[in-house]
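Asks:
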DNA sequence: TATACTTACTTACATAAAGTAACTAACATT
DNA sequence: AATGTTAGTTACTTTATGTAAGTAAGTATA
């Protein structure tokens with residue numbers, strides 16, 4: 112079963128953003144370029160999945176990976192222009208969440 | 112590992128929207144209330160997963176389920192106010208996708 | 001010199017989520 | 001009684017994610 116009447120670009124965007132962790136990784140990188148372990152501890156993702164996601168996002172042109180030959184080597188991840196352009200989407204989600212999401216407590 | 116420094120409301124919103132299919136179901140319901148099988152064929156989701164998602168979304172107060180005692184019985188799904196308020200998020204994603212997503216072809 | 005330490009991963013294995021197809025309940029029609 | 005319809009559910013397979021230990025490349029420490 113697969114006869115979507117939905118715009119393929121929109122579908123692709125949705126599948127990018129609803130890949131688990133991807134939106135959080137992008138959100139995290141909105142505050143500037145960061146290293147693997149910084150992202151990992153900021154959002155609480157496993158190394159394996161973070162590694163997968165960063166590769167995905169790099170292939171989709173959302174994230175850029177840069178090797179800085181310091182000692183020890185530093186690998187910095189940052190957003191491309193395409194990635195930064197998702198800020199408006201994430202800000203929308205952020206403000207929606209403040210209005211509508213209740214934290215049970 | 113789990114020490115997120117991220118706002119819990121935002122995280123919850125992200126986890127709602129990055130549940131696979133949820134955003135597409137909500138998007139589909141933006142065009143008006145619909146029956147199970149309509150949603151199913153519009154977005155190409157299996158009955159099992161659609162059933163799960165609709166229950167989830169109902170519990171989160173995003174979707175409303177209404178039984179209309181016609182013959183045969185009609186079950187209509189629609190967005191609540193909370194659900195409709197996600198329109199801005201989905202429109203952002205939609206316009207982002209038009210600018211940035213390339214369909215390979 | 002050997003051992004330990006760091007970062008950025010990868011591998012192996014376990015669990016959870018999603019896909020597929022067949023099946024069911026509650027009717028109504030033929 | 002047999003068939004059809006809608007809105008699901010069930011059993012089973014495949015895929016994705018989580019967890020923990022391991023690795024490579026290089027530096028620092030004993």
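Residue numbers (the numbering used here), protein chains in the order written: chain E, 112 to 216; chain U, 112 to 216. Ideal placement from N, C-alpha and C gives every residue a C-beta, glycine not left out. The model shown is predicted, which means the values in this text are computed figures rather than measured ones.
In terms of residue numbering, what span does the alpha helix (DSSP H) encompassing residue 137 (chain U) cover?
Replies: The sequence position of residue 137 (chain U) within the second chain is 26, counting from 1. That run of the alpha helix (DSSP H) goes 133-140.
Asks: Please classify residue 118 (chain E): does DSSP put it in a helix, a strand, or coil?
Replies: Residue mapping note: residue 118 (chain E) aligns to position 7 of the first chain, counting from 1. Taken through DSSP and simplified to helix, strand or coil, residue 118 (chain E) comes out as coil.
Asks: Just by C-beta distance, which residues in the stretch 192-211 of chain E are closer than 8 angstroms to chain U?
Replies: Across the stretch 192-211 of chain E, CB contacts with chain U closer than 8 angstroms involve 193, 196, 197, 199, 200, 203, 204, 205, 207, 208, 209, 210 and 211, in sequence order along the chain.
Asks: At a CB-CB cut-off below 8 angstroms, which residues of chain E make contact with residue 148 (chain U)?
Replies: Here residue 148 (chain U) refers to the residue found at position 37 when the second chain is read from its first residue. The contacting residues do not exist; residue 148 (chain U) stays about 12 angstroms from chain E at best.
Asks: Using a 10 Å radius around the Cβ and a threshold of 16 neighbouring Cβ atoms, would you call residue 172 (chain E) buried or exposed?
Replies: By one-based count along the first chain, residue 172 (chain E) stands at place 61. Per the 10 Å Cβ criterion, exposed.
Asks: With distances taken Cα to Cα, identify the nearest neighbour of residue 189 (chain E) among E:124, E:116 and E:139.
Replies: Taking the first residue of the first chain as position 1, residue 189 (chain E) is located at position 78. Of the listed residues, the one whose Cα sits closest to residue 189 (chain E) is E:139.
Asks: Can you tell me the Cβ-Cβ gap for residue 161 (chain U) and residue 176 (chain U), rounded? I've got them flagged as a contact below 8 angstroms.
Replies: On the second chain, position 50 is the one that residue 161 (chain U) refers to. On the second chain, position 65 is the one that residue 176 (chain U) refers to. 12 angstroms between Cβ atoms; not a contact.
Asks: So within the stretch 132-200 of chain E, which uninterrupted alpha helix (DSSP H) runs reach at least 4 residues, ignoring any that extend past its ends?
Replies: 133-140, 147-154, 158-170 and 192-195
Asks: Check whether the stretch 178-197 of chain U and the stretch 142-149 of chain E touch, using three or more Cβ-Cβ pairs below 8 angstroms as the test.
Replies: no
Asks: For chain E, check one thing: does any of its Cβ atoms lie closer than 8 angstroms to the Cβ of residue 117 (chain U)?
Replies: For the purposes of this step, residue 117 (chain U) is identified with residue 6 of the second chain, where counting begins at 1. So yes, residue 117 (chain U) belongs to the interface.
Asks: Buried or exposed for residue 178 (chain U), going by 16 or more other Cβ atoms inside 10 Å?
Replies: As a first step, residue 178 (chain U) must be located in the second chain, where it is residue number 67. By the neighbour-count rule (16 or more Cβ atoms within 10 Å), residue 178 (chain U) is not buried but exposed.
Asks: Is residue 168 (chain U) close to the ligand ATP? I mean its beta-carbon at under 7 angstroms from any heavy atom of the ligand.
Replies: No copy of the ligand ATP occurs in the structure displayed, which carries no ligand at all.
Asks: Could you name the residues of the stretch 120-143 of chain E whose beta carbon sits closer than 9 angstroms to any beta carbon of chain U, in the order they occur along the chain?
Replies: 120, 121, 122, 123, 124, 125, 126, 127, 128, 129, 130, 131, 132, 133, 134, 135, 138 and 139
Asks: Could you say which of U:206, U:212 and U:201 lies nearest to residue 207 (chain E) if we only look at CA atoms?
Replies: The residue given as residue 207 (chain E) occupies position 96 in the first chain. The candidate whose alpha carbon is nearest that of residue 207 (chain E) is U:201.
Asks: Along chain E, which residues have their Cβ under 9 angstroms away from the Cβ of residue 182 (chain U)?
Replies: As a working note, residue 182 (chain U) is residue 71 in the second chain. Near residue 182 (chain U) there are no residues of chain E at all, since even the closest Cβ is about 27 angstroms away, more than 9 angstroms.
Asks: Taking the straight line between their C-alpha atoms, what separation do you get for residue 154 (chain U) and residue 181 (chain E)?
Replies: Stepping through the second chain from its first residue, residue 154 (chain U) is reached at position 43. Stepping through the first chain from its first residue, residue 181 (chain E) is reached at position 70. Near 49 angstroms, if we compare the C-alpha coordinates of residue 181 (chain E) and residue 154 (chain U).
Asks: Name the residue from U:198, U:195, U:120 and U:135 whose alpha carbon lies nearest to the alpha carbon of residue 127 (chain E).
Replies: What you label residue 127 (chain E) is simply residue 16 of the first chain in a count that begins at 1. Looking at the Cα atoms, U:135 is the closest of the given residues.
Asks: Within 10 angstroms of the Cβ of residue 132 (chain E), are there 16 or more other Cβ atoms? Answer buried if so, exposed if not.
Replies: Here the question's residue 132 (chain E) lines up with position 21 in the first chain. That one is buried.
Asks: Taking 8 angstroms as the cut-off, decide whether the C-beta atoms of residue 205 (chain U) and residue 121 (chain E) are in contact.
Replies: As a working note, residue 205 (chain U) is residue 94 in the second chain. As a working note, residue 121 (chain E) is residue 10 in the first chain. Yes, Cβ-Cβ distance for residue 205 (chain U) and residue 121 (chain E) is below 8 angstroms.
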